Amino acid sequence: MHTLVTILAAMPDGVDADEVERVLKRLDSCSNQPNAVKAAAKLPSNPALERAALALFEDSTLGGIDDLDAAVSLGFSILPWGLLTLAARADITVLDRLPADITERGAPKIASIRRAAKKHEKVLADASTMPTSVAPSSSPALPEKIPQVARWVKDHPDADPALFAAHDGQRSGARRVALRVLGAMASPAAFEVLAGYAQESYSRTDLAELHRAWSRFDRRVFAATMFRANSYLLHLDVCASIEGIGAVPGLVGLQVLFDKQADLTPLVECTELRNLHVRAIEGATLTSIEPLTLLRSLSELHLDGDTSQAELDVLEHTGIERLDLSLEGADAEFLTRMPKLKSLKVSTGETAHPGLVDVVVRLVQSGIQVVMYRHETSWLSDLMAATPNDITVVERSGYVGLTRDADDADALGRRLLSNIAP
């Protein structure tokens with residue numbers, strides 16, 4: 487790291503050493519090469535640093551990293567890909583001059599870098615054509631941090647929400663401030679601007695702001711505008727209520743974490759829902775799950791967290807095929823009466839019900855695959871002792887899987903290794 491800081495800081499462009507070290511640390515902290523590319527692509531424009539990075543790939547007299555493979559021996563096999571992303575901003579043709587073997591083996595990453603460089607070029611071009619002042623000269627100074635928002639909104643009750651409209655190149659911090667302001671304004675005009683932030687998925691910080699704003703607008707209109715159904719899962723992250731979620735058209739998959747008592751009643755409108763992940767966190771409790779019996783398309787369900795207050799046996803009135811369930815010591819006999827159940831992942835909490843071992847054995851003998859957590863030894867040892875010889879046991883990645891089909895054991899092992907269960 488120190489060598490690269492020294493090289494970059496000594497470049498003719500006079501890049502600030504502290505800024506260089508900050509960028510390098512950010513890139514070097516990435517867990518893999520694709521993430522380094524993504525991290526570099528998100529960095530703000532810094533022409534001097536980008537030209538310096540380019541020089542590393544073109545001027546061997548600087549002790550640069552023109553050979554990405556050689557970089558491995560120097561202990562920074564991930565970092566060069568981030569620097570290459572910056573270099574491509576200065577001259578995209580640097581990607582055409584890479585060694586053939588690097589070009590072949592790194593094709594997906596190079597394609598990502600090329601797209602990022604072209605996008606960066608477009609952002610700069612758009613910025614150069616924008617009016618010098620988009621907002622009127624009389625516009626108030628805008629809040630830059632979340633703690634400033636409440637006071638700013640109070641002091642500027644007639645502020646134009648358009649001041650906080652989404653725009654190209656907007657940093658995540660500015661976006662979060664804008665979402666907080668628009669939610670605090672809670673006016674029809676503010677909602678029109680807020681709608682400009684709607685996208686397929688959101689970061690956790692953006693979702694936290696959207697949940698804060700949700701209750702300040704018509705919940706159904708808000709949900710239909712700000713949340714988009716997709717072919718797998720709409721991630722809502724942590725929220726207190728999902729009231730209004732039924733207004734999202736075509737919703738087939740939903741993942742939600744409740745930090746208060748979980749009310750699943752709003753789901754009855756989600757008639758196309760096939761895949762549902764619900765987790766109660768931080769002392770929250772899953773109580774009534776009866777609304778799930780009205781979801782005729784529901785085939786995959788994950789119920790995680792405290793289910794001790796829920797009547798789990800209502801699940802026998804559903805068509806669920808794949809179930810991930812926290813039993814919390816409950817009697818699991820109802821599982822044998824679920825008509826379409828094909829695979830099950832089960833956790834028991836601190837204490838397993840005395841009849842759980844027998845239930846699991848019967849489920850597996852009936853053709854249902856069952857997966858447990860290896861660390862739940864309080865009952866798992868009894869289960870292993872009671873498992874008949876015609877049941878195959880597969881252990882992978884902290885899981886124990888049971889199947890009646892010995893021919894499927896290898897496939898089950900791969901699924902467990904990939905954390906695909908049930």
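Residues 487 to 908 in the numbering used here are what the sequence shown lists, from first letter to last.
C-beta: ideal position from N, C-alpha, C; glycine also.
Keep in mind it's a predicted model, so treat the numbers as computed, not measured.
Between R702 and F708, what straight-line distance do the alpha-carbon atoms span, to the nearest angstrom? Counted from its first residue, the sequence shown places residue 702 at position 216. Counted from its first residue, the sequence shown places residue 708 at position 222. Answer to the nearest angstrom: the Cα atoms are 9 Å apart.
Spatial neighbours of S619 within its chain, please: CB distance less than 7 Å, with the 5 preceding and 5 following residues excluded, ordered by chain position. Sequence index remark: in the sequence shown, residue 619 carries index 133 (1-based). Per-residue confidence for S619 stands at a pLDDT of 46, beneath the threshold of 50, marking its modelled position as unreliable; no derived number is given.
Uninterrupted alpha helix (DSSP H) stretches inside the segment 677-724 (no shorter than 4 residues): 690-700 and 705-712
Sufficient close CB pairs (3 or more, under 8 Å) joining the segment 807-818 to the segment 788-796: yes
Give the secondary structure of K831 by DSSP, where H, G and I count as helix, E and B as strand, and everything else as coil. By one-based count along the sequence shown, residue 831 stands at place 345. Correct three-state label for K831: strand.
Residues of its chain near R901, where Cβ-Cβ distance is below 7 Å and the 5 sequence neighbours each way are ignored: Taking the sequence shown and counting its residues from 1, the one referred to as residue 901 is at position 415. Answer for R901: A907, listed in chain order.
Assumed close pair D876, R860 - CB separation to whole angstroms, cut-off 8 Å: Here residue 876 is taken as the residue at index 390 of the sequence shown, counted from 1. Here residue 860 is taken as the residue at index 374 of the sequence shown, counted from 1. Not quite, the Cβ-Cβ distance comes to about 22 Å (not below 8 Å), so this is no contact.
Which residues in the same chain have their Cβ closer than 6 Å to the Cβ of G669, if we skip the five residues on either side of it in sequence? In the sequence shown, residue 669 corresponds to position 183, counting from 1. Correct list, in chain order: R698, A699 and R702.
Where do the N-terminal and C-terminal ends of the alpha helix (DSSP H) with E507 fall, by residue? Against the sequence shown, residue 507 aligns to sequence position 21. Start and end: A503 to D514.
Burial state of F562 (16 or more Cβ within 10 Å): Within the sequence shown, residue 562 is the residue found at index 76, counting from 1. With a pLDDT of 46 at F562, under the threshold of 50, the modelled position of that residue is not reliable, and the figure given next carries that caveat. Buried is the call here.
So what does F744 bridge to, in DSSP terms? The residue given as residue 744 occupies position 258 in the sequence shown. According to DSSP, F744 bridges with C725 and A766.
Buried or exposed: where does N761 fall if 16 or more other Cβ atoms within 10 Å of its Cβ makes it buried? Numbered from 1 along the sequence shown, position 275 holds the residue referred to as residue 761. So N761 counts as buried.
Quick check: N716 and E678, are their CB atoms within less than 8 Å of each other? Within the sequence shown, numbered from 1, the residue matching residue 716 stands at position 230. Within the sequence shown, numbered from 1, the residue matching residue 678 stands at position 192. No; because the gap between Cβ atoms is not below 8 Å, this pair is not in contact.
Can you list the alpha helix (DSSP H) stretches of 4 or more residues lying completely in the segment 813-893, in chain order? 842-851 and 863-872
Nearest-angstrom beta carbon gap, V879 and T873 [assumed within contact, 8 Å]: The sequence position of residue 873 within the sequence shown is 387, counting from 1. The sequence position of residue 879 within the sequence shown is 393, counting from 1. Between V879 and T873 the Cβ distance is about 7 Å, and since that is below 8 Å, they are a contact.
In terms of residues, what are the limits of the alpha helix (DSSP H) holding E544? Residue numbering aside, residue 544 sits at position 58 when the sequence shown is read from its first letter. Counting along the chain, the alpha helix (DSSP H) containing E544 begins and ends at P533 to E544.
For R601, three-class secondary structure by DSSP: The residue labelled residue 601 in the question sits at position 115 within the sequence shown. Helix, per DSSP.
With distance defined between alpha-carbon atoms, name the residue in V800, E755, E786 and E630 nearest to T773. Residue numbering aside, residue 773 sits at position 287 when the sequence shown is read from its first letter. With distances taken between Cα atoms, T773 lies closest to V800.
Cα-Cα separation, I564 to E607: Here residue 564 refers to the residue found at position 78 when the sequence shown is read from its first residue. Here residue 607 refers to the residue found at position 121 when the sequence shown is read from its first residue. Going from the Cα of I564 to the Cα of E607 covers about 24 Å.
With 16 other Cβ atoms within 10 Å as the buried cut-off, status of P674: Counted from its first residue, the sequence shown places residue 674 at position 188. Result: exposed.
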